[in-house]
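Input: a single structure, listed below in structure tokens.
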Amino acid sequence: MGSSDTVRMRRVYDPPEDGDGTRVLVDRLWPRGVSKERAAVDVWAKDATPSNELRSWYHEDRSGNRYDDFVDRYRTELGDPSHTRAVDELLGLLREGGPVTLLTAVKDIPASHVPVLAEHLEHTLEHG
Numbered sequence: 525m526g527s528s529d530t531v532r533m534r535r536v537y538d539p540p541e542d543g544d545g546t547r548v549l550v551d552r553l554w555p556r557g558v559s560k561e562r563a564a565v566d567v568w569a570k571d572a573t574p575s576n577e578l579r580s581w582y583h584e585d586r587s588g589n590r591y592d593d594f595v596d597r598y599r600t601e602l603g604d605p606s607h608t609r610a611v612d613e614l615l616g617l618l619r620e621g622g623p624v625t626l627l628t629a630v631k632d633i634p635a636s637h638v639p640v641l642a643e644h645l646e647h648t649l650e651h652g
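What the sequence shown shows, in my numbering, is residues 525 to 652, in sequence order.
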């Protein structure tokens with residue numbers, strides 16, 4: 525599963541593929557049941573993930589009605605100084621020629637923070 529040739533999205537539980545490029549874990553917590561060797565993670569970008577407060581708020585509502593608000597709040601967080609260094613590191617990897625594969629443990633990637641992060645990175649690359 526991926527959004528472009530430059531930024532890809534996959535589950536950390538899936539085996540690495542030749543086209544993954546730099547494999548970046550974008551979860552705040554290490555995924556259960558997967559060793560560092562099996563995950564083949566090159567970079568763990570904890571600080572590019574949603575804050576604990578935002579993550580907790582989003583997961584409190586099981587109806588799925590908060591996703592649009594979650595996306596808006598996470599986009600705002602991505603501009604915060606607490607996220608700048610991690611986002612800049614990811615942009616640097618992409619500028620070096622990518623691809624970069626964003627890895628997550630979540631089952632439903634389209635309803636997670638990963639597509640928001642991927643879009644943010646691609647937009648920043650295109651528009652500075």
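C-beta atoms are modelled at their ideal positions from N, C-alpha and C, and glycine is treated no differently.
Note that the structure is predicted; figures quoted are calculated from it, not measured.
### Length-filtered (4 minimum) alpha helix (DSSP H) runs lying within the region 545-610
560-563, 576-584, 591-602
### Message
I'd like the list of long-range same chain contacts for L578, defined as Cβ closer than 8 Å, with 5 residues on each side in sequence excluded.
### Response
F594, R597, Y598, E601
### Query
Where does V640 sit, in a helix, a strand or coil, going by DSSP?
helix
### Task
Quick one: give me the first and last residue of the beta strand (DSSP E) that T530 is part of.
Note, T530: premise wrong, no beta strand (DSSP E); not H, not E.
### Message
What does the alpha-carbon distance come out to for the pair S587 and P605?
### Response
31 Å
### Query
Short check: CB of T628 to CB of V638, under 8 Å?
yes
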